[in-house]
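Asks:
In the numbering used here, the protein residues as written are 6 to 622.
This is the structure:
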């Protein structure tokens with residue numbers, strides 16, 4: 006199957022020289038190349054467009070940043086300021102994307118004006134430019150609501166002091182207009198890595214959800230939910246992938262029937278250090294194991310020699326349900342019949358000897374032991390067997406196999422959180438939570454190493470995510486029509502059963518449906534940069550979407566400490582504890598529903614002032 010490598014021809018790239026501009030509203034790139042050359046041929050126009058992809062698509066796979074704002078992925082020996090409400094109005098999170106917006110406007114205007122392109126090519130390129138512009142502005146809007154909308158190529162003589170959109174509703178009206186234009190002009194199918202109409206429909210479904218969450222107009226909300234459903238129903242040619250894990254590794258990167266749009270990187274110009282894998286895999290040697298006393302040794306010494314900086318939390322692992330072997334229902338790991346019948350709860354004092362720091366054990370801690378002390382009875386079996394299949398595709402856990410190595414994350418294990426010196430959690434690029442990411446890790450002939458070549462990709466849009474958007478829209482519509490609850494449950498059961506191999510949800514009430522939906526979206530889209538923004542939406546909806554709280558209230562999932570698991574060396578005891586390094590200080594204030602409009606933007610623009618700043622900043 007054909008796919009696009011994101012390599013712009015070298016000579017053309019050299020021609021795209023950029024000039025600086027003293028205006029705050031950056032107008033780069035200035036045209037130092039021949040416009041006649043670029044816009045007279047489809048091949049050179051495509052080169053410009055694909056270079057713009059490299060500006061826009063990374064907005065949709067900034068996984069490291071956005072996952073760490075939540076409890077999905079915990080930094081090795083730190084906690085982000087964003088998770089502790091330590092930002093201020095000077096925080097530069099990425100409002101200034103005017104150079105990228107200019108590129109999008111160039112695509113739109115120059116394609117339309119071209120005398121060398123066919124009408125069909127003009128139509129597709131204009132639509133592609135509008136899709137890229139919509140994607141850029143959606144990235145900005147979901148951060149701060151109102152934007153400085155620039156819909157044409159600014160010249161040096163134009164007014165650069167432009168106002169913010171008058172409301173969040175207006176922002177999303179403009180974005181949705183671009184998306185609708187893109188849907189009308191884009192082809193239904195495309196080369197892999199290239200935007201098509203189905204990608205635009207997938208984006209629309211999510212933009213509609215965010216627009217509805219931040220609107221106070223009830224009629225508008227209903228219409229937006231209906232548009233989201235229609236957008237997903239319009240997606241054609243894609244199906245759910247029964248091999249969930251393959252979508253995120255080498256096996257299904259280019260063959261998965263679920264991926265609508267991904268950004269692909271070739272091993273011809275990509276090494277391990279240029280991928281997410283470099284910061285998700287640990288660094289351990291048999292020499293260090295010998296010094297520390299950890300076991301077992303690795304079959305291939307230094308098979309893991311990366312720079313791990315973050316790892317999945319127990320908070321996330323809690324949502325990968327277990328199939329109860331008696332009731333055949335999906336339940337939390339410590340609620341299954343097989344776990345309850347074979348373990349006994351313990352007090353914090355009973356596991357205090359396992360803790361590195363007394364602060365790890367608090368009122369939120371859980372602790373258990375096996376009822377039997379037989380060597381072949383191990384508590385991790387009761388914890389990890391019969392899980393949602395996505396757990397095994399997403400997480401490395403105690404006693405799993407990876408890269409033909411036995412991974413042990415219990416006390417004394419080869420990748421336990423103190424597996425460098427026996428006392429310091431997370432030291433030496435070791436996971437602080439006793440879990441390691443498996444999702445988005447390629448299994449190559451050569452190990453993942455900073456200078457080893459590797460193919461790689463990031464999924465931008467996929468059919469499963471679109472279906473979950475539809476389910477959420479149906480839950481929103483259930484406020485107006487209670488029959489939508491069953492439709493919503495049937496929709497998210499599609500990913501739950503196909504990806505997770507779980508029994509379907511049997512929720513019938515709106516509250517139960519929201520509960521099951523939130524778990525489903527959490528685990529299906531883990532490590533895809535979704536969870537933070539979903540939590541904000543659910544908080545803005547309020548009610549059943551946020552634990553019965555009013556719209557715009559505190560979000561408990563963003564106000565809870567990060568947790569890890571500790572399993573004893575004999576695997577008969579375990580506890581869930583609080584991660585150190587200020588992870589107990591996570592909090593959420595209502596002002597974080599919108600990030601600040603970066604103060605430097607306000608200072609540089611006479612059309613806006615401090616009164617335009619978002620509430621609380």
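Note that beta-carbon positions come from the ideal geometry of N, C-alpha and C, so glycine has one too.
1. For my contact list, residue 427 and residue 297 are in at a C-beta cut-off of 8 Å; report their separation, rounded to the angstrom.
2. DSSP on residue 182, reduced to helix/strand/coil?
3. Output the distance between the C-alpha atoms of residue 210 and residue 498, rounded to the nearest integer angstrom.
4. With a threshold of 6 Å on Cβ separation, who are the neighbours of residue 405 within its own chain once the five nearest residues in sequence on each side are excluded?
5. Taking just the CA atoms, how far does residue 50 sit from residue 131?
6. Specify the secondary structure class of residue 259 as computed by DSSP and reduced to three states.
7. Hey, would you say residue 141 sits closer than 8 Å to residue 113, going by beta carbons?
8. Leaving aside the five residues before and after residue 621 along the sequence, list all residues of the same chain whose C-beta is less than 6 Å from its C-beta, in chain order.
9. In terms of DSSP beta bridges, what is residue 350 paired with?
10. Which word fits residue 567, buried or exposed, when buried means at least 16 other C-beta atoms lie within 10 angstroms of its C-beta?
11. Whole angstroms are fine: how far does the CA of residue 462 sit from the CA of residue 66?
12. Tell me, please, whether the stretch 434-453 touches the stretch 302-312 by the rule of three or more beta-carbon pairs shorter than 8 Å.
13. Between the alpha carbons of residue 551 and residue 543, how many angstroms are there, rounded?
14. Which partner residues of residue 268 appear in the DSSP bridge assignment?
15. Which of the three DSSP states is assigned to residue 561 in this structure?
16. With DSSP as the reference, label residue 455 as helix, strand or coil.
17. Would you tell me roughly how many angstroms separate the C-alpha atoms of residue 229 and residue 143, rounded to the nearest one?
18. Residue 271 and residue 460 look like a contact to me (Cβ under 8 Å); what is the Cβ gap, rounded to whole Å?
19. Taking the alpha-carbon of residue 392 as reference, which of 344, 415, 421, 200 has the nearest alpha-carbon?
20. Classify residue 553 as buried or exposed, calling it buried when 16 or more other Cβ atoms lie within 10 Å of its own Cβ.
21. Are the CB atoms of residue 484 and residue 234 nearer to each other than 8 Å?
22. Tell me whether residue 511 is buried or exposed, calling it buried when 16 or more other Cβ atoms sit within 10 Å of its Cβ.
23. Could you pull out every residue in the same chain whose Cβ sits closer than 6 Å to the Cβ of residue 116, ignoring the five residues on either side in sequence?
24. Taking just the CA atoms, how far does residue 536 sit from residue 89?
25. Under a Cβ-count criterion, where at least 16 other Cβ atoms within 10 Å of its own Cβ denotes burial, should residue 22 be classed as buried or exposed?
26. Provide the residue span of the alpha helix (DSSP H) that contains residue 194, from first to last.
27. How far does the beta strand (DSSP E) with residue 78 in it reach, from first residue to last?
28. Would you kindly work out how many angstroms separate the C-alpha atoms of residue 602 and residue 102, rounded to a whole number?
29. Express the C-alpha separation of residue 507 and residue 27 in angstroms, rounding to a whole number.
30. Looking only at its own chain, which residues have a Cβ that is under 8 Å from the Cβ of residue 557, when we skip the five neighbours before and after it?
Replies: This is what the structure gives:
1. Taking the chain shown and counting its residues from 1, one reaches residue 427 at position 422. Taking the chain shown and counting its residues from 1, one reaches residue 297 at position 292. Yes, they are in contact, since the Cβ atoms of residue 427 and residue 297 sit about 5 Å apart, within 8 Å.
2. Taking the chain shown and counting its residues from 1, one reaches residue 182 at position 177. In this structure, residue 182 counts as helix in the three-state DSSP scheme.
3. Locating residue 210 in the chain shown gives position 205, counting from the first residue. Locating residue 498 in the chain shown gives position 493, counting from the first residue. For residue 210 and residue 498, the distance between alpha carbons rounds to 18 Å.
4. For the purposes of this step, residue 405 is taken as the residue at position 400 of the chain shown. Closer than 6 Å at Cβ, skipping near neighbours: 412.
5. On the chain shown, position 126 is the one that residue 131 refers to. On the chain shown, position 45 is the one that residue 50 refers to. Answer to the nearest angstrom: the Cα atoms are 11 Å apart.
6. Stepping through the chain shown from its first residue, residue 259 is reached at position 254. Reduced to three states, the DSSP call for residue 259 is coil.
7. Translated into positions along the chain shown, residue 141 becomes position 136. Translated into positions along the chain shown, residue 113 becomes position 108. Against a cut-off of 8 Å, the Cβ pair of residue 113 and residue 141 comes out as no contact.
8. If you number the chain shown from 1, residue 621 lands on position 616. These residues qualify, in order along the chain: 596.
9. Counting from one through the chain shown, the residue named residue 350 turns up at place 345. Partner(s): 373.
10. In the chain shown, counting from the first residue as 1, residue 567 sits at position 562. So residue 567 counts as buried.
11. The count along the chain shown starts at 1 and reaches residue 66 at position 61. The count along the chain shown starts at 1 and reaches residue 462 at position 457. So the two alpha carbons sit approximately 10 Å from each other.
12. yes
13. As a first step, residue 551 is located in the chain shown; it is residue number 546 there, counting from the start. As a first step, residue 543 is located in the chain shown; it is residue number 538 there, counting from the start. Straight-line Cα distance between these residues: approximately 6 Å.
14. As a position in the chain shown, residue 268 is number 263, starting the count at 1. Looking at the DSSP assignment, residue 268 forms a beta bridge with 463.
15. In the chain shown, counting from the first residue as 1, residue 561 sits at position 556. If DSSP states are grouped into helix, strand and coil, residue 561 belongs with the helices.
16. Taking the first residue of the chain shown as 1, we reach residue 455 at position 450. In this structure, residue 455 counts as coil in the three-state DSSP scheme.
17. Position 224 of the chain shown holds residue 229. Position 138 of the chain shown holds residue 143. Their Cα atoms are separated by approximately 15 Å.
18. As a first step, residue 271 must be located in the chain shown, where it is residue number 266. As a first step, residue 460 must be located in the chain shown, where it is residue number 455. Indeed they touch by this definition, with Cβ atoms about 6 Å apart.
19. Within the chain shown, numbered from 1, the residue matching residue 392 stands at position 387. Selected option, being the one with the closest Cα: 344.
20. Taking the chain shown and counting its residues from 1, one reaches residue 553 at position 548. Its Cβ having fewer than 16 others within 10 Å, residue 553 is exposed.
21. Taking the first residue of the chain shown as 1, we reach residue 484 at position 479. Taking the first residue of the chain shown as 1, we reach residue 234 at position 229. Cβ distance not < 8 Å, so residue 484 and residue 234 don't count as in contact.
22. Residue numbering aside, residue 511 sits at position 506 when the chain shown is read from its first letter. Exposed, because fewer than 16 other Cβ atoms sit within 10 Å of the Cβ of residue 511.
23. Looking up residue 116 in the chain shown gives position 111. Once the five neighbours on either side are set aside, the close Cβ partners of residue 116 are 127, 130, 131.
24. Sequence index remark: in the chain shown, residue 89 carries index 84 (1-based). Sequence index remark: in the chain shown, residue 536 carries index 531 (1-based). Straight-line Cα distance between these residues: approximately 17 Å.
25. On the chain shown, residue 22 is found 17 positions in, with the first residue counted as 1. Confidence at residue 22 is low in this model, with a pLDDT of 34, below 50, so its placement is unreliable and no value can be given for it.
26. In the chain shown, residue 194 corresponds to position 189, counting from 1. Residue 194 -> no alpha helix (DSSP H), and no H or E assigned at all.
27. By one-based count along the chain shown, residue 78 stands at place 73. From DSSP, the beta strand (DSSP E) with residue 78 extends over 78-80.
28. As a position in the chain shown, residue 602 is number 597, starting the count at 1. As a position in the chain shown, residue 102 is number 97, starting the count at 1. If I take the Cα positions, the gap works out to 13 Å.
29. Taking the chain shown and counting its residues from 1, one reaches residue 27 at position 22. Taking the chain shown and counting its residues from 1, one reaches residue 507 at position 502. Confidence is the limiting factor: at residue 27 the pLDDT is only 43, short of 50, which leaves the residue's position unreliable, though a coordinate-based value still follows. If I take the Cα positions, the gap works out to 57 Å.
30. Residue mapping note: residue 557 aligns to position 552 of the chain shown, counting from 1. Excluding residues within five positions, the ones whose Cβ falls inside 8 Å are 544, 545, 547, 595, 598.
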